[in-house]
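Residue numbers (this note's numbering): 59 to 208. Beta carbons: idealized from backbone N, C-alpha and C, even for Gly.
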Ligand SMILES: [Zn+2]
Ligand SMILES: [Zn+2]
């Protein structure tokens, strides 16, 4: 997918455009579950996320690597953005047609509570595997340090 798509929060105060890259994935880490109120299903949009009105969004710096963006009015969780602006993970549910994205991966699978599971056949990665792949230089740190977990 290479074209910009539009999305918004529940109340409509926050709208944005972003250009999804590849397939969507689920993050089961504790931070994403607390923040999203469920599984965080997101798609990477690199640095393409453009909010039409930044005055209605709140940015919560959840780690030194990134921040979580939500609507100040209705609380909808919109996206995780890398601190340096290079990466992003946008909630597929904020896009107008979330069903258009294939959900092909699950990360932090070992952090998923045991009381539910996806029926989709997907690739899975444990916390250790995620750290090894995306943050080899900081793998020894106990704190989350990857795109989808930071
Ligand atoms: Zn809103
Ligand atoms: Zn996560």
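Where residue i sits in the DSSP three-state scheme
i: residue 107; result: coil
i: residue 141; result: coil
i: residue 121; result: coil
i: residue 61; result: coil
Residues of its chain near residue i, where Cβ-Cβ distance is below 6 Å and the 5 sequence neighbours each way are ignored
i: residue 65; result: 74, 152 and 153
Extent of the continuous beta strand (DSSP E) run through residue i
i: residue 97; result: Segment: none, residue 97 is in no beta strand (DSSP E) and carries neither H nor E.
i: residue 125; result: 124–129
i: residue 85; result: 82–85
i: residue 113; result: Element bounds for residue 113: n/a, residue is neither H nor E.
i: residue 134; result: Note, residue 134: premise wrong, no beta strand (DSSP E); not H, not E.
i: residue 76; result: 73–76
Contacting residues, own chain, Cβ-Cβ under 7 Å from residue i (five flanking each side not counted)
i: residue 107; result: 74, 76, 137, 139, 146 and 148
i: residue 197; result: In this prediction, residue 197 has a pLDDT of 40, which is less than 50 and means its spatial position is unreliable; what the coordinates show is noted afterwards. These residues qualify, in order along the chain: 189 and 190.
The alpha helix (DSSP H) enclosing residue i, as first and last residue numbers
i: residue 186; result: 185–192
Length-filtered (3 minimum) beta strand (DSSP E) runs lying within the stretch 148–177: 161–165
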